[in-house]
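Sequences listed follow chains Y, V, S and Z, in order.
Residue 5 is where the first sequence starts when you use our numbering, and the numbers rise one by one after that.
Residue 5 is where the second sequence starts when you use our numbering, and the numbers rise one by one after that.
Residue 5 is where the third sequence starts when you use our numbering, and the numbers rise one by one after that.
Residue 5 is where the fourth sequence starts when you use our numbering, and the numbers rise one by one after that.
Don't be surprised by glycine CBs; every beta carbon is placed ideally from N, CA and C.
Here's the structure, in structure tokens; my notes come after.
There are 4 protein chains.
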Amino acid sequence: MLEQLKQDVCKANLNLVAEGLVIQSWGNASGVDRERGLMVIKPSGVSYDGMKPEHMVVVSLADGKVVDSHLKPSSDTPTHLVLYRTFREIGGVVHTHSLYATAWAQAQRKIPSFGTTQADYWHGEVPCTRLLTPDEIKNDYEANTGRVIVETFRKKNPLQHPAVLVARHGPFTWGKDVQDAVHNASVLEFVARLATETLRIAPKTKPIPSVLLDKHFLRKHGPKAYYGQNQAPTL
Amino acid sequence: MLEQLKQDVCKANLNLVAEGLVIQSWGNASGVDRERGLMVIKPSGVSYDGMKPEHMVVVSLADGKVVDSHLKPSSDTPTHLVLYRTFREIGGVVHTHSLYATAWAQAQRKIPSFGTTQADYWHGEVPCTRLLTPDEIKNDYEANTGRVIVETFRKKNPLQHPAVLVARHGPFTWGKDVQDAVHNASVLEFVARLATETLRIAPKTKPIPSVLLDKHFLRKHGPKAYYGQNQAPTL
Amino acid sequence: MLEQLKQDVCKANLNLVAEGLVIQSWGNASGVDRERGLMVIKPSGVSYDGMKPEHMVVVSLADGKVVDSHLKPSSDTPTHLVLYRTFREIGGVVHTHSLYATAWAQAQRKIPSFGTTQADYWHGEVPCTRLLTPDEIKNDYEANTGRVIVETFRKKNPLQHPAVLVARHGPFTWGKDVQDAVHNASVLEFVARLATETLRIAPKTKPIPSVLLDKHFLRKHGPKAYYGQNQAPTL
Amino acid sequence: MLEQLKQDVCKANLNLVAEGLVIQSWGNASGVDRERGLMVIKPSGVSYDGMKPEHMVVVSLADGKVVDSHLKPSSDTPTHLVLYRTFREIGGVVHTHSLYATAWAQAQRKIPSFGTTQADYWHGEVPCTRLLTPDEIKNDYEANTGRVIVETFRKKNPLQHPAVLVARHGPFTWGKDVQDAVHNASVLEFVARLATETLRIAPKTKPIPSVLLDKHFLRKHGPKAYYGQNQAPTL
Numbered sequence: 005m006l007e008q009l010k011q012d013v014c015k016a017n018l019n020l021v022a023e024g025l026v027i028q029s030w031g032n033a034s035g036v037d038r039e040r041g042l043m044v045i046k047p048s049g050v051s052y053d054g055m056k057p058e059h060m061v062v063v064s065l066a067d068g069k070v071v072d073s074h075l076k077p078s079s080d081t082p083t084h085l086v087l088y089r090t091f092r093e094i095g096g097v098v099h100t101h102s103l104y105a106t107a108w109a110q111a112q113r114k115i116p117s118f119g120t121t122q123a124d125y126w127h128g129e130v131p132c133t134r135l136l137t138p139d140e141i142k143n144d145y146e147a148n149t150g151r152v153i154v155e156t157f158r159k160k161n162p163l164q165h166p167a168v169l170v171a172r173h174g175p176f177t178w179g180k181d182v183q184d185a186v187h188n189a190s191v192l193e194f195v196a197r198l199a200t201e202t203l204r205i206a207p208k209t210k211p212i213p214s215v216l217l218d219k220h221f222l223r224k225h226g227p228k229a230y231y232g233q234n235q236a237p238t239l
Numbered sequence: 005m006l007e008q009l010k011q012d013v014c015k016a017n018l019n020l021v022a023e024g025l026v027i028q029s030w031g032n033a034s035g036v037d038r039e040r041g042l043m044v045i046k047p048s049g050v051s052y053d054g055m056k057p058e059h060m061v062v063v064s065l066a067d068g069k070v071v072d073s074h075l076k077p078s079s080d081t082p083t084h085l086v087l088y089r090t091f092r093e094i095g096g097v098v099h100t101h102s103l104y105a106t107a108w109a110q111a112q113r114k115i116p117s118f119g120t121t122q123a124d125y126w127h128g129e130v131p132c133t134r135l136l137t138p139d140e141i142k143n144d145y146e147a148n149t150g151r152v153i154v155e156t157f158r159k160k161n162p163l164q165h166p167a168v169l170v171a172r173h174g175p176f177t178w179g180k181d182v183q184d185a186v187h188n189a190s191v192l193e194f195v196a197r198l199a200t201e202t203l204r205i206a207p208k209t210k211p212i213p214s215v216l217l218d219k220h221f222l223r224k225h226g227p228k229a230y231y232g233q234n235q236a237p238t239l
Numbered sequence: 005m006l007e008q009l010k011q012d013v014c015k016a017n018l019n020l021v022a023e024g025l026v027i028q029s030w031g032n033a034s035g036v037d038r039e040r041g042l043m044v045i046k047p048s049g050v051s052y053d054g055m056k057p058e059h060m061v062v063v064s065l066a067d068g069k070v071v072d073s074h075l076k077p078s079s080d081t082p083t084h085l086v087l088y089r090t091f092r093e094i095g096g097v098v099h100t101h102s103l104y105a106t107a108w109a110q111a112q113r114k115i116p117s118f119g120t121t122q123a124d125y126w127h128g129e130v131p132c133t134r135l136l137t138p139d140e141i142k143n144d145y146e147a148n149t150g151r152v153i154v155e156t157f158r159k160k161n162p163l164q165h166p167a168v169l170v171a172r173h174g175p176f177t178w179g180k181d182v183q184d185a186v187h188n189a190s191v192l193e194f195v196a197r198l199a200t201e202t203l204r205i206a207p208k209t210k211p212i213p214s215v216l217l218d219k220h221f222l223r224k225h226g227p228k229a230y231y232g233q234n235q236a237p238t239l
Numbered sequence: 005m006l007e008q009l010k011q012d013v014c015k016a017n018l019n020l021v022a023e024g025l026v027i028q029s030w031g032n033a034s035g036v037d038r039e040r041g042l043m044v045i046k047p048s049g050v051s052y053d054g055m056k057p058e059h060m061v062v063v064s065l066a067d068g069k070v071v072d073s074h075l076k077p078s079s080d081t082p083t084h085l086v087l088y089r090t091f092r093e094i095g096g097v098v099h100t101h102s103l104y105a106t107a108w109a110q111a112q113r114k115i116p117s118f119g120t121t122q123a124d125y126w127h128g129e130v131p132c133t134r135l136l137t138p139d140e141i142k143n144d145y146e147a148n149t150g151r152v153i154v155e156t157f158r159k160k161n162p163l164q165h166p167a168v169l170v171a172r173h174g175p176f177t178w179g180k181d182v183q184d185a186v187h188n189a190s191v192l193e194f195v196a197r198l199a200t201e202t203l204r205i206a207p208k209t210k211p212i213p214s215v216l217l218d219k220h221f222l223r224k225h226g227p228k229a230y231y232g233q234n235q236a237p238t239l
């Protein structure tokens, strides 16, 4: 079942390695089938060498139970499930420990919008969660990681800010499907590095004016967007 | 029409990716045919995979109208047009979001000439524009980006400073043809990184003395240049 | 003799180069056969090009004498021997001059545990030795390097902290076998860089709370570990 | 004539590109034949693509005149000649604009010996020249670059410090032959980066104690050296 989604999710996980966002087995990507209420995710702690679509694990969105697999799903599965249940528009989730995004997460700092590169993708900053409490860490840790992300987005549209830094841990990104979530993970790593290099040159750099932020975000994403082709060009 | 120029422009766009100056679809290169009054530029928001010369878009230099294409030109087309109309000696323009040059642009700092590497290409600093006003951003943004570049070069020879940082955005470079503009984009990224690393070692480093600046720039570019072969060697 | 171990040690040495942890001939990996009391290690100052299993040198764990080789073992052999004799649970040792780990060693700073990436592998900091005394440097230098590592671990479990920074020199890592030691050398280089980038963003970052450290280390390594598959999956 | 040396010098120039020490045409390597009094060097401003041994230029060590070539030699030829005439033990010279070494040169700072990695190659710091005077820049610039290097080594053995940073310009390295000079250029770039990263962690790091410096330099290079094989191993 879900053969196409398994292929997409497997490919997305391998792309994380190919793009340098994941080393060792540190990362996971998932996709969702909203109609069937099922999520497909990478197995836990498994090497990327030889990973194939049939190794992907199918999990019920409703209760988190494994369907159709002898492998355990990623230990971060409960985090993914909370995100899918709450952010109803998203179709894919990615978690990495990519270098620069993780450094910002470890520093517990949101990434300010310092220029148009970030404004093309985020309608403002990349937010950072609060640190979990000792109780939230000891009990139901992975689901609480999802809950603190949701808490951070109470007043934000997740599709206008398709990434979060989990304090002291690392980034989660999402998108309309799993490949889009990988794309956002790649862009996030670039803007995280770019923000670091900007502060190295001018440590007191302020965020860009909102008029420039709106211009760039909305020319790509707003109802009057004029960036890109009107329809996918047939190249 | 313009088959050779389309090939050159397509190749230049692909070279930007190959040299690590562009990720995703963030960048564009164009070339001009001054006799015919036509510019050839990358289509907007199109993936580099499978990009071919026939996808390049031909635009009238006079009025910016698309000639001979079903694809939309790069959203930065109005910026390129302003540059070609004003800087009459240039034959190619490149825009990227390359990491280090963009960091300097986000920091709104010109890149001082700290050594002979930069002096071999720029007769001094790499300038940075002022930030556009809210009105300039809201109306005719891309053309105004070109105009603020021109304003920055009122007292500078564009061929002696073949690059600019657009504040909060990123670099534009140019050259005698599109391949030369790519070459300058690559050199710019290197000197931007080099300047950053220099300041990390000695934060108060001053620009080089003008006598050393002149020596290096003029031995390559002045009327008495003695660097390189007298004519292109037949290797 | 020890053909399999020679193959493993040779491959591990080549992997250090492939993973960018070693340039030139700067590094060495060894493995041990506890039953026979023999260590297999890279020859000294030999190029990685064309290195083969039969070039590996077998050394007696008891007295350090070379067995079965016409090549000299790595000049760091006495350091490896001290580690095997004292840390009885380890099966492989690696020494590199990898960039970021060596920078921390040159700075004579331990690497604090700033996030979950490090906590997944180290139950706390990556320790740094004291500097050897002039006498320890002049006489029996390489063995004294091993002894100062052991001294640093008097109150630490070497398998819960599978790496050390030797002051002014560089990192040594170890593991249950030589491949595991290479894996830890690779992880160490990543967390060393990550710590550097974290401090660049927020210079006063404190180590993570112990409850988060325990959670991550113990979910992978404790008796109640639930990360990864219960048994090696057959992919 | 000098076919073998032309091959070695050509290969060395190409290796500079392969090792990431040279981009564009910024760099040059040369070798010398002391018996015949001839130097072989890269042609000036020529692309590395398609460069072949027959393009190398032969120059007289005595008077700097070109022998046997229709191409002009590197514009840095007078610098190389001064070095060969003064440092009688060297057989190869390399000049690059490699990133980190050039940053130190632009900052006009010598690279202190912060650890054993540098001590394995340099018996102390990597020195930096003074800046040339305006007169020295205007007249006979390239030969004066050589002379200021020689001046910097008045009290140093060039084979114990096989590299120099030319202030505001970049590094020159040398060795017993041209391949050895390339090797030293590669090591220099690594130690320059390593020193930068060390200072980022601990800005007040002091040079290593002389007893540790001597230990590492002399175990590889002194009369009692015990690093490496007694003779070249036949691998």
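Beta-carbon proximity check, residue i vs residue j, cutoff 7 Å
i: V:A189; j: V:L25; result: yes
i: Y:V61; j: Y:L42; result: no
i: Z:V170; j: Z:N19; result: no
i: V:A33; j: V:V50; result: no
i: Y:T202; j: V:Q110; result: yes
i: Z:P211; j: Z:A105; result: no
i: Z:L9; j: Z:G35; result: yes
i: Y:E146; j: Y:T90; result: no
i: Y:I115; j: Y:V130; result: yes
i: S:H59; j: S:P47; result: yes
i: S:T177; j: S:P166; result: yes
i: Y:R197; j: S:G119; result: no
i: S:L217; j: S:S64; result: no
i: Y:K228; j: Y:D124; result: no
Paired residues, beta bridge with residue i - DSSP
i: V:T177; result: V:V98, V:A167
i: S:I45; result: S:S34, S:V61
i: Y:V130; result: Y:I115
Candidates the options, of which the one nearest residue i by Cα
i: S:G95; options: S:A229, S:K208, S:K142, S:Q183; result: S:Q183
i: Z:L87; options: Z:R151, Z:K208, Z:F221; result: Z:R151
i: S:G54; options: S:S29, S:R40, S:D37, S:D72; result: S:S29
i: S:F221; options: S:V168, S:R204, S:L163, S:E193; result: S:L163
i: Z:W260; options: Z:F194, Z:V63, Z:L6, Z:G232; result: There is no way to answer for residue 260 of chain Z, as the model of chain Z reaches only from 5 to 239.
i: S:Q233; options: Y:A123, Y:S79, Y:A66, Y:E23; result: Y:S79
i: Y:L6; options: Y:K15, Y:A22, Y:D37, Y:P213; result: Y:D37
i: S:E39; options: S:V70, S:P57, S:R92, S:F157; result: S:R92
i: Y:S214; options: V:I205, V:N161, V:K142; result: V:K142
i: Y:L136; options: Y:V63, Y:H127, Y:V71, Y:V154; result: Y:V154
i: Z:T133; options: Z:Q122, Z:R113, Z:T121; result: Z:R113
Start-end ranges of the beta strand (DSSP E) lying completely within the segment 70 to 102 of chain S, minimum 3 residues: Qualifying beta strand (DSSP E) stretches, in chain order: 96 to 100.
Which runs of the alpha helix (DSSP H), 4 residues or longer, sit entirely within the segment 201 to 226 of chain V? List check, alpha helix (DSSP H) in window: 214 to 225.
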